[in-house]
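Here our numbering is used: the sequence shown runs in plain steps of one and ends on residue 478.
We treat Cβ as the ideally placed atom computed from N, Cα and C, and that holds for glycine.
In what follows, a structure is listed as structure tokens, so that the remarks can point back to it.
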Amino acid sequence: MKDSSYRLVLLPGDGTGPEVVREGRKVLDALAEGGPHPWTLEEHPGGAVYYRDHGKEWEPEAEEAAREADAILLGAVGWPGVNLPNGDIAGAALVLGLRRDLDLYANVRPCRLYPGVLHRISGEYKQVWSPAKVDLVILRENTEGLYTPARGLLRRGGETEVAIDTRVITRKGSERVIRRAFAEARRRSRGAPEDGVRRVTCVDKSNVLEGCRFFRETFDRIGRAEYPEIERDYAYVDAFAQWIVRNPEHYNVVVSTNMMGDIVTDLASVLQGGMGFAAGGNIGEAHAMFEPVHGSAPKHAGQNRVNPFATFFATEMMLRHLGETHTDSRLLQQADRLEQAIARELQAGTARTYDQGGALSTSDVGDRVVAAIRGTVG
Ligand code: IPM
Ligand code: MN
């Protein structure tokens, strides 16, 4: 347990990012009410719009705060038509940059369906999957793969002729995320909903790609030697895309490479009620950053209408991560309180934003969750 307070750095970013981070801050304040504050909160601007207005993605103080934080809560970055000179999305420093610079090698994305959450399929709001059948976590390698900055264009006579992205799969990069996936299967209180088996599924394209064959070999070697009691399971990424929809109950922990993990986590979010509920933790040995996965959603920005639950889940993950890494029961208890408040509001089905067929605003939902927190024991 830490003697001093935890330093939490909030990076609201662009678009709907500041709208959901504002609600995240509200729930953190509600949790801290009536007791000594176990954390300090500070906010720093940055992102694409900041770049457009100031010619830099963020200030050096913001970057330094992110480096020194005990944990970071990121909203979202990106704005249409605002790019860096090299063509990257402006604001990339806050997401892709921090993932690499702070060596946040595992992107951990839980996919759990809470009772009361609806699925929007073909424009209708339904309960399609049973909450008892959707409870998995996907770990995505977060520092290499197709996101490795080993890319470029061949331009001849002012015309682009060739564009190349190089997919890099390293032993170290694979080993650590795979180890973390097996450790997660060991640590979780439950196995797969289907049969209770503790299972890690390696999602790859090893029938075609060399890097994926290496990733799968590494998966086998580590699983066999270090986690023999955890079932090893395999899926080619294309087949996985149908199985995860048809049989989500088979999955417990899933591990994949960077780009494949990016794609399948968006797909899997449908099972948990949509992107409005999907949160992720970018975790390294020394640093961690948490975020809603939905992005800046420019078409909804400024309207106070997007679903803040993804940010509440990200906030809960952040508190739990701090509690676990610092063996601090105060933080674990706060994470539990937040989860109970979230679960209660979801179950009641009265805290629904537009994406759930409801009429509440982002801040209305935040108010409800704050009220639910005040109703839990501090
Ligand atoms: C994500 C996002 C990012 C990614 C974008 C914003 C660069 O899609 O976190 O999944 O591609 O990783
Ligand atoms: Mn993504």
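(message) Rounded to whole angstroms, what is the Cα-Cα separation between Val208 and Ala441?
(response) Taking the straight line from one Cα to the other gives about 22 Å.
(request) Just the C-alpha distance for Gly466 and Asp338, rounded to the nearest angstrom, thanks. (result) 38 Å
(request) Can you grab the Cα-Cα spacing for the pair Glu385 / Glu331, in whole Å? (result) Roughly 26 Å between the two C-alpha positions.
(message) Considering only their Cβ atoms, is the gap separating Leu236 from Asn382 smaller than 7 Å?
(response) no
(message) What would DSSP say about Glu331, mapped onto helix, strand or coil?
(response) strand
(request) Just confirm the distance between the C-beta atoms of Leu194 and Gly245, as a whole number of angstroms; I'd bet it's less than 8 Å. (result) Between Leu194 and Gly245 the beta-carbon gap is near 20 Å, outside 8 Å, which marks them as no contact.
(message) Suppose you measure from the CA of Ile473 to the CA of Lys399; what does that come to, to the nearest Å?
(response) 31 Å
(message) When you compare the CB positions of Pro180 and Lys233, do they come within less than 7 Å of one another, or not?
(response) no
(request) Measure the C-alpha to C-alpha separation of Pro210 and Phe390 and round it to an integer number of angstroms. (result) 12 Å
(message) Is any non-hydrogen atom of the ligand IPM found closer than 6 Å to the C-beta of Asp265, if you look at the structure I gave you?
(response) no
(request) Can you say whether Gly187 is buried or exposed, counting buried as having 16 or more other CB atoms within 10 angstroms of its CB? (result) exposed
(request) Please name the residue, chosen from Pro231, Pro392, Gln433 and Ile322, that lies closest to Ile172 on a Cα-to-Cα basis. (result) Pro392
(request) Answer yes or no: the CB of Asp203 versus the heavy atoms of the ligand IPM, is any distance below 6 Å? (result) no
(message) Could you give the first and the last residue of the continuous alpha helix (DSSP H) run that contains Ser274?
(response) Arg271 to Arg287
(request) Evaluate Arg122 with the Cβ neighbour count: other Cβ atoms within 10 Å of its Cβ, from every protein chain shown; 16 or more gives buried, anything less gives exposed. (result) buried
(message) Let's see if you can read the secondary structure: which residues bound the beta strand (DSSP E) around Leu309?
(response) Per DSSP, Leu309 belongs to no beta strand (DSSP E) and is neither H nor E.
(request) For the beta strand (DSSP E) containing Val208, list its first residue and its last residue. (result) Ala206 to Arg212
(message) In this structure, how does DSSP classify Asn186 when only helix, strand and coil are distinguished?
(response) Annotated three-state conformation of Asn186 is coil, per DSSP.
(request) Taking 8 Å as the threshold, find out whether the stretch 290-309 comes into contact with the stretch 344-361 through three or more Cβ pairs. (result) yes
(message) Quick check: Gly124 and Thr415, are their CB atoms within less than 7 Å of each other?
(response) yes
(request) Could you name the residues whose beta carbon sits closer than 6 Å to any heavy atom belonging to the ligand MN, keeping them in chain order? (result) Asp362 and Asp366
(message) Can you tell me which residues form a DSSP beta bridge with Phe390?
(response) Leu173 and Gly381
(message) Run through the DSSP bridge pairs and tell me what Leu371 is partnered with.
(response) Bridge partners of Leu371: none, in fact.
(request) State buried or exposed for His394, treating a residue as buried only when at least 16 other CB atoms are found within 10 Å of its CB. (result) buried
(message) Is it buried or exposed, Ala263, if we count other Cβ atoms within 10 angstroms and call 16 or more buried?
(response) Exposed, by the Cβ-count rule.
(request) Whole angstroms is fine: what's the gap from Leu309's alpha carbon to Ser429's? (result) Here the C-alpha atom of Leu309 lies approximately 44 Å from the C-alpha atom of Ser429.
(message) Could you compute how far the alpha carbon of Cys312 sits from the alpha carbon of Thr476?
(response) 46 Å
(request) Compare the beta carbon distance of Pro348 and Leu367 with 7 Å and say whether it is the shorter of the two. (result) no
(request) Could you say if the stretch 450-457 and the stretch 211-224 meet the contact criterion of at least three C-beta pairs nearer than 8 Å? (result) yes
(request) Just the C-alpha distance for Pro118 and Ala448, rounded to the nearest angstrom, thanks. (result) Straight-line Cα distance between these residues: approximately 27 Å.
(message) Per DSSP, what are the beta-bridge partners of Trp139 in this structure?
(response) Note: Trp139 sits in a beta bridge opposite Tyr106.
(request) Leaving aside the five residues before and after Ala169 along the sequence, list all residues of the same chain whose C-beta is less than 7 Å from its C-beta, in chain order. (result) Arg107, Leu108 and Val109
(request) Could you please give me the residues that DSSP links to Glu123 through a beta bridge? (result) In the DSSP output, where bridge partners are listed per residue, Glu123 has none listed.
(message) Once the 5 residues before and after Arg251 are set aside, which same chain residues still bring their CB inside 7 Å of it?
(response) In its chain, beyond the 5 residues on either side, Ile264, Asp265 and Thr266 have a beta carbon closer than 7 Å to the beta carbon of Arg251.
(message) Which same chain residues end up closer than 7 Å to Arg200 when comparing Cβ atoms and leaving out the 5 residues on each side of it in sequence?
(response) Thr243
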